[in-house]
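Using our numbering, the letters of the sequence shown map in sequence onto residues 7 to 681.
Glycine included, each C-beta is placed from N, C-alpha and C at the ideal position.
Model, not experiment: these values are computed from the prediction.
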Amino acid sequence: MKTFLNIGALFRYQQSKTFIMSLSMAAVVTLLSLILASMYSVLFGFIWFILLLLMAAVLIRQLILASQDSESYLDELTYRVKNGQQEAILKMPLGIILLDGDRVVWVNPYLQELLKERDLIGSSLSEEEPELGEAMAKEDEESTIDWLGRSFVVDYQAELGALYLMDSSENVALKQDLDDHRLVTGIVSVDNYEEVTEGMLDSETSKLRTEVTGQLTDWAQKYRLYVRRLSPISYLLMGYQEDLKKAEDDKFSIVKIVREATAQQNSPLTLSMGIAYGEQDINSLVQLAQTNLDLALGRGGDQVVVKAEDAPARFYGGTTNPMEKRTRVRARVISQTVSELIDQADQVFVVGHKMPDLDAVGSAMGLWRFSQTREKKAFVVVDEENIYSDIQSLLKAVRNTDPEDAEPGVNLGASVIAEKDALERATDRSLLILVDHAREALTGAPELLHELDEHLVVVDHHRLAENGLTEKPILSYIEPYASSTSELVTELLQYQNQKGAPITRLEATAMLGGIQVDTKNFVLRTGSRTFDAASYLRANGADSELIQSFLKEKFSDFKARAELISAAEVKNEAAISVGDNEKVYPGVITAQAADELLQIEGVKASFVLTKRDDGRVGISARSNGDFNVQTVMEDLGGGGHLSNAATQMADVTTQEAYEKLVQAIEGQEEEEAAN
7 MKTFLNIGAL FRYQQSKTFI MSLSMAAVVT LLSLILASMY SVLFGFIWFI
57 LLLLMAAVLI RQLILASQDS ESYLDELTYR VKNGQQEAIL KMPLGIILLD
107 GDRVVWVNPY LQELLKERDL IGSSLSEEEP ELGEAMAKED EESTIDWLGR
157 SFVVDYQAEL GALYLMDSSE NVALKQDLDD HRLVTGIVSV DNYEEVTEGM
207 LDSETSKLRT EVTGQLTDWA QKYRLYVRRL SPISYLLMGY QEDLKKAEDD
257 KFSIVKIVRE ATAQQNSPLT LSMGIAYGEQ DINSLVQLAQ TNLDLALGRG
307 GDQVVVKAED APARFYGGTT NPMEKRTRVR ARVISQTVSE LIDQADQVFV
357 VGHKMPDLDA VGSAMGLWRF SQTREKKAFV VVDEENIYSD IQSLLKAVRN
407 TDPEDAEPGV NLGASVIAEK DALERATDRS LLILVDHARE ALTGAPELLH
457 ELDEHLVVVD HHRLAENGLT EKPILSYIEP YASSTSELVT ELLQYQNQKG
507 APITRLEATA MLGGIQVDTK NFVLRTGSRT FDAASYLRAN GADSELIQSF
557 LKEKFSDFKA RAELISAAEV KNEAAISVGD NEKVYPGVIT AQAADELLQI
607 EGVKASFVLT KRDDGRVGIS ARSNGDFNVQ TVMEDLGGGG HLSNAATQMA
657 DVTTQEAYEK LVQAIEGQEE EEAAN
């Protein structure tokens with residue numbers, strides 16, 4: 007009877023409130039049926055009671071048996087689950103380390119098999135295996151590490167003192183294989199083919215072309231790249247990212263190989279490449295390759311630009327001075343295009359860089375005169391609160407020549423305005439021309455640039471930087487081969503009819519001053535076209551003595567420059583001067599000191615570091631052409647020419663900037679040694 011009434015043996019769900027309530031209701035119904043049966047007949051009631059009792063006993067017995075079977079099944083299932091868990095912990099490809107603080111107390115067999123004879127138990131994990139120690143520091147955060155020749159996803163649970171290592175080597179290998187075999191495209195251009203082959207016999211031209219194609223093909227086959235000639239001056243390059251990496255490790259030696267091989271034939275040709283990767287769409291990839299090639303050419307050619315859409319550009323080559331390759335035909339075409347753009351605009355604004363020099367202001371005045379030849383109002387935008395003494399003297403002289411009723415836009419002195427005034431005048435039909443710079447961070451009127459970025463023209467002689475302008479200009483006339491922007495503007499002016507608006511003596515003087523300043527009195531980066539431009543300006547009244555009067559400096563400036571020169575030290579043919587971190591030097595003084603240090607015998611490059619009035623450290627860099635200061639300055643966030651470059655560094659002292667400069671110079675020397 008005790009067995010029949012062993013309610014505790016019932017399965018857990020049969021002891022629930024719902025089950026007890028249902029059982030109670032059944033008991034009430036049974037009791038009522040027994041009462042009714044007894045009322046009908048005592049004998050019938052007794053028989054009915056016996057039947058109900060037997061039925062209840064059988065039902066309870068069956069429930070108890072069912073409960074016992076269920077418990078037996080669950081016990082077996084629980085055993086199998088626990089056993090499976092234990093087997094998984096012991097055999098599955100998951101490394102487990104149990105820790106007591108930082109001390110290893112247990113390692114599962116899978117991980118111990120990878121460790122082979124090494125025993126971690128009892129040792130300090132962070133000391134024994136620093137990689138795992140670093141992963142433990144990222145508590146409750148998964149991280150991936152390379153350890154024991156494999157890749158693991160690591161998850162550390164501090165509350166359990168457990169470190170889990172999931173082997174992801176196969177997934178990493180698959181991802182690496184996918185990345186390695188992504189498509190890469192490139193466009194190769196022969197920079198100066200037309201200039202070199204001009205006047206050559208067809209047989210000589212064919213031989214030279216075959217030489218370039220052969221060298222390029224041999225190099226491409228070495229790195230499993232596909233190359234196809236598209237025209238005498240361009241080639242298509244295709245391959246995979248793993249092969250691109252090998253070519254990058256080689257620093258794209260083909261650029262140097264072609265330059266030297268053709269130079270031996272007295273026909274020096276240079277190559278430029280734009281290489282793109284990372285895009286899924288082949289059309290986007292080719293477009294990006296062309297953009298990268300344009301960047302390489304804008305920086306002077308003889309170099310390679312490798313860039314993905316969302317990654318910074320990597321530069322190779324560019325260690326030689328760019329060769330003259332612009333033609334008068336191109337200058338005439340650009341002049342005609344600029345005149346058409348000016349004709350379509352209601353007015354023109356010309357902007358130089360921050361703290362403009364004579365080249366920036368002189369070329370701006372030249373383009374102001376260009377606009378006058380098209381009978382279009384134009385304005386030169388200058389922040390007169392932040393200009394050097396030479397520009398102050400120039401603007402004073404210009405305004406002294408204006409009539410009393412000078413009209414803005416028509417008379418030059420009245421047309422030199424501040425950015426605030428330019429913004430008030432600007433309309434959606436106005437044209438903006440940037441001179442002597444092509445970077446948004448350097449512009450002298452950033453708000454005006456933002457306002458008119460869809461109507462933008464750039465005229466510059468600096469090598470194109472990667473982080474230049476947000477919006478692409480409708481016309482870019484960037485010639486790194488020119489001595490100055492004033493030289494470029496002078497050439498453009500010569501193709502305009504100036505009968506109704508001839509260039510004035512002061513305008514010619516300002517542009518000639520710009521050429522003299524950027525060439526250091528016709529010493530650096532000077533070609534035949536430079537002297538042609540200077541001759542034209544002299545013929546139109548440019549006054550060298552007036553230029554010298556503009557460039558006269560204060561005694562305090564002379565003294566400051568002398569201090570920087572005396573503080574210089576020469577190391578490995580580089581003169582470096584570090585100014586006092588507590589003293590502010592004008593940027594022009596810094597640049598002049600760098601120029602003078604380059605005149606010292608045995609010095610190939612000079613660097614002058616000074617504190618600026620905005621708190622940043624400015625570095626002016628110069629070289630004689632044997633050392634590429636442009637790439638050094640680019641490493642520090644700046645740019646410029648191979649022989650003339652600069653940068654500004656924020657949140658550093660002059661000494662900290664010096665240490666970073668030395669690292670950049672050493673990196674440049676190592677790269678040149680590798681090449």
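{"Query": "Residue nearest to Asp-434 in terms of C-alpha spacing, selected from Val-464, Glu-119 and Val-354", "Result": "Val-354"}
{"Query": "Distance between beta carbons of Gly-644 and Ala-652, contact taken as under 8 Å", "Result": "5 Å"}
{"Query": "contact_flag[the segment 449–466, the segment 374–383] where n(CB pairs < 8 Å) is 3 or more", "Result": "no"}
{"Query": "Cβ neighbour criterion (16 or more within 10 Å) applied to Gly-192", "Result": "buried"}
{"Query": "Nearest neighbour of Asn-272, chosen from Asp-287, Glu-217 and Ala-295 [CA to CA]", "Result": "Glu-217"}
{"Query": "Minimum C-alpha distance to Val-495 - residue among Lys-478, Gly-139, Leu-543 and Ala-302", "Result": "Leu-543"}
{"Query": "Residue from Ser-130, Leu-373 and Ala-403 with nearest C-alpha to Gln-504", "Result": "Leu-373"}
{"Query": "First and last residue of the uninterrupted beta strand (DSSP E) at Gln-522", "Result": "Note, Gln-522: premise wrong, no beta strand (DSSP E); alpha helix (DSSP H) at 511–525."}
{"Query": "Which residues DSSP lists as bridging Thr-297, in chain order", "Result": "DSSP, once it has assigned bridges, lists no residue as partnering Thr-297."}
{"Query": "Proximity of Leu-105 and Ala-141 at Cβ, strictly below 9 Å", "Result": "no"}
{"Query": "Under 9 Å between C-beta atoms of Ile-480 and His-467", "Result": "no"}
{"Query": "Thr-276 versus Ser-290: straight-line alpha-carbon distance, rounded", "Result": "27 Å"}
{"Query": "Euclidean distance between Cα positions of Ser-132 and Gly-107", "Result": "11 Å"}
{"Query": "For Phe-385, three-class secondary structure by DSSP", "Result": "strand"}
{"Query": "Proximity to Gly-686 [Cα-Cα], best of Leu-184, Gly-139 and Ile-151", "Result": "The requested residue 686 is not part of the displayed model; the chain covers only 7 to 681."}
{"Query": "Closest Cα partner of Ala-403 within the set Phe-556, Ala-424 and Leu-299", "Result": "Phe-556"}
{"Query": "DSSP state of Ser-273 mapped onto helix, strand, coil", "Result": "coil"}
{"Query": "Which of helix, strand or coil DSSP assigns to Val-34", "Result": "helix"}
{"Query": "CB contact flag (Glu-497, Ile-521, <9 Å)", "Result": "no"}
{"Query": "Nearest-angstrom Cα separation, counted from Ile-423 out to Arg-431", "Result": "11 Å"}
{"Query": "Pairwise C-alpha distance: Val-202 and Gly-593", "Result": "40 Å"}
{"Query": "Classification of Gly-621 by the beta-carbon crowding that lies within 10 angstroms, buried from 16 upward", "Result": "exposed"}
{"Query": "Counted within 10 angstroms of its Cβ, other Cβ atoms place Ser-345 as buried (16 or more) or exposed", "Result": "buried"}
{"Query": "Local Cβ density within 10 Å of Asn-527, reported as buried at 16 or more and exposed below that", "Result": "exposed"}
{"Query": "Own chain, CB closer than 7 Å to Asp-352, minus 5 neighbours either side, in chain order", "Result": "Thr-433, Arg-435 and Ser-436"}
{"Query": "Where the beta strand (DSSP E) through Arg-109 begins and ends", "Result": "109–113"}
{"Query": "8 Å contact criterion, which Arg-628 and Val-635 should meet: CB distance rounded", "Result": "7 Å"}
{"Query": "Segment contact flag, the segment 279–287 with the segment 297–313, C-beta cutoff 8 Å, min 3 pairs", "Result": "yes"}
{"Query": "Own chain residues within Cβ distance below 6 Å of Gly-596, not counting five before or after", "Result": "Gly is not the amino acid found at residue 596; the sequence shown has Thr there. Cβ within range, chain order: Val-614, Thr-616, Gly-624 and Ser-626."}
{"Query": "Ser-612 burial status per 10 Å Cβ neighbour count (16 or more: buried)", "Result": "buried"}
{"Query": "Opposing strand residues paired with Trp-153 [DSSP bridges]", "Result": "Arg-156"}
{"Query": "Inter-residue spacing [alpha-carbon to alpha-carbon] between Thr-752 and Leu-71", "Result": "With the chain covering only 7 through 681, there is no way to say anything about residue 752."}
{"Query": "6 Å Cβ shell around Asn-417 - same chain, five flanking residues per side excluded", "Result": "Asp-408"}
{"Query": "Segments of 4+ residues assigned as alpha helix (DSSP H) that fall wholly inside the segment 574–651", "Result": "593–603 and 635–641"}
{"Query": "Whole-number beta carbon distance between Ser-130 and Thr-150, since they are thought to touch under 8 Å", "Result": "Between Ser-130 and Thr-150 the Cβ distance is about 23 Å, and since that is not below 8 Å, they are no contact."}
{"Query": "Between the CA atoms of Val-465 and Arg-338 - distance to the nearest angstrom", "Result": "14 Å"}
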